[in-house]
Amino acid sequence: EAGVAQSPRYKIIEKRQSVAFWCNPISGHATLYWYQQILGQGPKLLIQFQNNGVVDDSQLPKDRFSAERLKGVDSTLKIQPAKLEDSAVYLCASSLRDSLGYTFGSGTRLTVV
Amino acid sequence: AQSVTQLGSHVSVSEGALVLLRCNYSSSVPPYLFWYVQYPNQGLQLLLKYTSAATLVKGINGFEAEFKKSETSFHLTKPSAHMSDAAEYFCAVSGAGGTSYGKLTFGQGTILTVHP
Chain A
1119 EAGVAQSPRY KIIEKRQSVA FWCNPISGHA TLYWYQQILG QGPKLLIQFQ
1169 NNGVVDDSQL PKDRFSAERL KGVDSTLKIQ PAKLEDSAVY LCASSLRDSL
1219 GYTFGSGTRL TVV
Chain B
1009 AQSVTQLGSH VSVSEGALVL LRCNYSSSVP PYLFWYVQYP NQGLQLLLKY
1059 TSAATLVKGI NGFEAEFKKS ETSFHLTKPS AHMSDAAEYF CAVSGAGGTS
1109 YGKLTFGQGT ILTVHP
């Protein structure tokens, strides 16, 4: 089966610019997650979707971050405006509903300069 | 609330030696526990998971981990290290139910180096 696809792989932007990341989960996976992994740290959950509804976005900095999952399939994560501290790898993961140990994509490495 | 502490940010072993990566957890609800491996510039790959069945869990690539409730530990071991095991390893915890189900809280990671 195809894995979780993410694009772009790398992105460099200046602070205060906007950026968007895209994720295509494994076909049939109802649950989708976005994680932020800052260098030297473990991934931190930003948002969880079940189909196209948000289950948990308590850790998402909503003043600058937004995410959507249209039609319960692909998802986009946006940062507007970016700050230096947003430099990180953004990982998307998906799973079957109520499943454990989901599949991660390769991530998008964002550098804010 | 849940948390994970990985003891040792770097572990170095010789090829063929025992690998032991330590993980202790804190959870207010019965936990599910996971080990993931991350190779450079790649996403995380699930090695194994504990979901309240057998306390000794066997995973891929010869790794195993034992859940010890009395010690709140879930240490990862492999009897004989291979050069290809060099990577970063993450321990993670999820609640077994309720709102924390399925949401992973990760440790800081342990970088494993394998010397020839």
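In order, the protein sequences belong to chains A and B. Residues in the first sequence are numbered from 1119 upward in steps of one, following the numbering used here. Residues in the second sequence are numbered from 1009 upward in steps of one, following the numbering used here. Where is the CB? At the ideal position from N, CA and C, for every residue including glycine. The structure presented is a predicted model; accordingly, all values stated were derived computationally and were not measured.
C-beta neighbour in chain B for residue i, strict 8 angstroms
| i | result |
| --- | --- |
| A/D1070 | Because chain A here runs from 1119 to 1231, residue 1070 of chain A falls outside it and cannot be looked at. |
| A/P1161 | yes |
| A/L1214 | no |
| A/L1164 | no |
Where residue i meets chain A, residues with beta-carbon distance less than 8 angstroms
| i | result |
| --- | --- |
| B/K1066 | Those within 8 angstroms of B/K1066 in chain A number zero; the least Cβ separation is about 14 angstroms. |
| B/Q1010 | Result: empty, since nearest Cβ-Cβ is about 11 angstroms, beyond 8 angstroms. |
| B/S1102 | L1218 |
Chain-ordered chain A contacts of residue i [CB-CB under 7 angstroms]
| i | result |
| --- | --- |
| B/Q1050 | S1224 |
Of the listed residues the options, nearest to residue i (C-alpha basis)
| i | options | result |
| --- | --- | --- |
| A/Y1151 | A/Q1135, A/I1131, A/Q1177, A/P1126 | A/Q1177 |
| B/K1057 | B/S1036, B/S1078, B/K1111, B/F1042 | B/F1042 |
| B/G1051 | A/R1127, A/L1202, A/I1197 | A/R1127 |
| A/Y1208 | A/L1157, A/P1199, A/V1191, A/G1121 | A/L1157 |
| A/E1186 | A/K1201, A/G1160, A/S1205, A/L1164 | A/L1164 |
Endpoints, beta strand (DSSP E) assigned at residue i
| i | result |
| --- | --- |
| B/H1083 | 1081–1086 |
| B/T1013 | 1010–1015 |
| B/A1095 | 1095–1103 |
Interface residues of chain B facing residue i [CB-CB closer than 7 angstroms]
| i | result |
| --- | --- |
| A/G1219 | F1042, L1054, K1057 |
Residues that residue i contacts on chain B, provided the C-beta gap is smaller than 9 angstroms
| i | result |
| --- | --- |
| A/L1209 | G1051, L1052 |
| A/T1149 | G1110 |
Cβ-based burial, residue i [other Cβ within 10 Å; buried from 16]
| i | result |
| --- | --- |
| B/H1018 | exposed |
| A/L1195 | buried |
| B/I1068 | exposed |
Residue-chain proximity (residue i, chain A), Cβ-Cβ < 8 angstroms
| i | result |
| --- | --- |
| B/F1082 | no |
Chain-ordered neighbours of residue i on chain A, where CB pairs are closer than 9 angstroms
| i | result |
| --- | --- |
| B/F1075 | Near B/F1075 there are no residues of chain A at all, since even the closest Cβ is about 14 angstroms away, more than 9 angstroms. |
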